[in-house]
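All remarks here apply to the structure that follows.
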Amino acid sequence: MSTVADKVKDWVNGGPDTEEGEDFGGPELTIVEHLQELRQRLTICAFALVIGTVIGLIFSDTIFHLLLLPAGPGFKGYAIEMTEMFTTYFKVAIMTGAAIAMPVFVYEVFGFVGPGLTRKERRVVITLLPLVSTFFIFGMLFGYFVVLPFAVRYLLHFSDIAIDAIRISNYIGFVTTVEMWLGLAFETPLIIYMLAKVHLVDVKRLASYRKYAILAVFIIAAAITPTPDPFNQTLVAIPLYLLYELGILFARFA
9 MSTVADKVKD
19 WVNGGPDTEE
29 GEDFGGPELT
39 IVEHLQELRQ
49 RLTICAFALV
59 IGTVIGLIFS
69 DTIFHLLLLP
79 AGPGFKGYAI
89 EMTEMFTTYF
99 KVAIMTGAAI
109 AMPVFVYEVF
119 GFVGPGLTRK
129 ERRVVITLLP
139 LVSTFFIFGM
149 LFGYFVVLPF
159 AVRYLLHFSD
169 IAIDAIRISN
179 YIGFVTTVEM
189 WLGLAFETPL
199 IIYMLAKVHL
209 VDVKRLASYR
219 KYAILAVFII
229 AAAITPTPDP
239 FNQTLVAIPL
249 YLLYELGILF
259 ARFA
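Numbered per this note's numbering, the sequence shown spans residues 9 to 262.
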C-alpha cells in the first residue's frame, strides 16, 4: 500500500511510471474524467470548509470578541434585524473555516493542475505549499495588529457631530474583508518566486517594473483601507511594496 509520502513523490515526479525523458506527468484524461476529478477535489474542499466552519462555530464567541478588539474598549455594535447576530456569527465561522481549510484548498488546486506542470514546476509548488499558509497568516496578523486598530478607530472617531450607531454585521464585514485581502496580498513574494522559477519573469524585468509596482500598491491599499486619509493608505502600501521587493529578492534565488 502506497503511503502519503509515496503519493507526493509520485505527484512531484509525474507518476511512478513516468519515463525520464518526459517533461509532463500524469496520464491523459478525457473531459469527463477531468470533470470527475474536479468534482472529487471540490468535494474535499467543501468537506474541509465544513470542518473548519464547525471549529469556527465552536470558538465563535472567542473569535467574535477578538474581532471587536481593534475598535477599542467600550465599542458596542447594533443588531437591527432579528437574524443579524445569527448570520454575523455564521459569517465569522465561515471565514474562520476558510482560513483553517486554506492548506487543503491550495493542495487540491495544485493537485488538479499538477499533471499539466513540468517536473520542475511541481517541485516548486510542493516546496512552496507550507509557506502559502504561513504568509497568509502573517498577512492576517499584520492586518489585525497594525492596520485595523488605526483604520477602525479613525473611522469611528472621525467626527463627533453624529452618534456612532454601527451595525455589527457592517463592522464584522469590514474587519474580515481587510483581513482576507491582506492575507492574500502577503502571498506576493511566493507568487513572484514561482513565476521566476518557471522563467516567466526575471529580476531585471521585475526591477524595471518598480514604478508601476508603487502605483499598484497604493491603488490596492486604497481598496483595502477605505479611509480618506493618506496615513492609513500609506500604512498598508509600504508593507505591500516591501513584499514586492522581497519577491525580487526571492527571484534572485530562483
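Here a beta-carbon is modelled for each residue, glycine too, at the ideal position from N, C-alpha and C.
For residue i, which of the options has the nearest alpha-carbon?
i, options, result
"residue 247", "214, 191 and 48", "191"
"residue 211", "95, 66, 75 and 254", "254"
"residue 164", "85, 99, 260 and 62", "85"
"residue 80", "161, 258, 179 and 45", "161"
"residue 65", "98, 132 and 153", "98"
"residue 6", "88, 105, 43 and 74", "Nothing in the structure corresponds to residue 6, since the chain is present only between 9 and 262."
"residue 258", "226, 138, 204 and 227", "204"
"residue 186", "71, 44 and 75", "75"
"residue 55", "112, 40, 72 and 44", "112"
"residue 73", "227, 209 and 183", "183"
"residue 58", "95, 77, 108 and 83", "108"
Which of helix, strand or coil does DSSP assign to residue i?
i, result
"residue 86", "strand"
Taking all protein chains shown into account, do 16 or more other C-beta atoms lie within 10 angstroms of the C-beta of residue i, making it buried, or fewer, making it exposed?
i, result
"residue 238", "exposed"
"residue 61", "buried"
"residue 229", "buried"
"residue 130", "buried"
"residue 207", "exposed"
"residue 261", "exposed"
"residue 241", "buried"
"residue 90", "exposed"
"residue 128", "exposed"
"residue 166", "exposed"
"residue 143", "buried"
"residue 82", "exposed"
query: Which runs of the alpha helix (DSSP H) spanning at least 4 residues fall entirely within the segment 72-136, listed in chain order?
result: 92-108 and 110-121
query: Does the segment 207-222 touch the segment 147-156, meaning 3 or more C-beta pairs lie closer than 8 Å?
result: no
- prompt: Is the number of C-beta pairs between the segment 151-160 and the segment 198-206 that are closer than 8 Å three or more?
  reply: no
Uninterrupted alpha helix (DSSP H) stretches inside the segment 184-242 (no shorter than 4 residues): 196-205, 211-216 and 218-232
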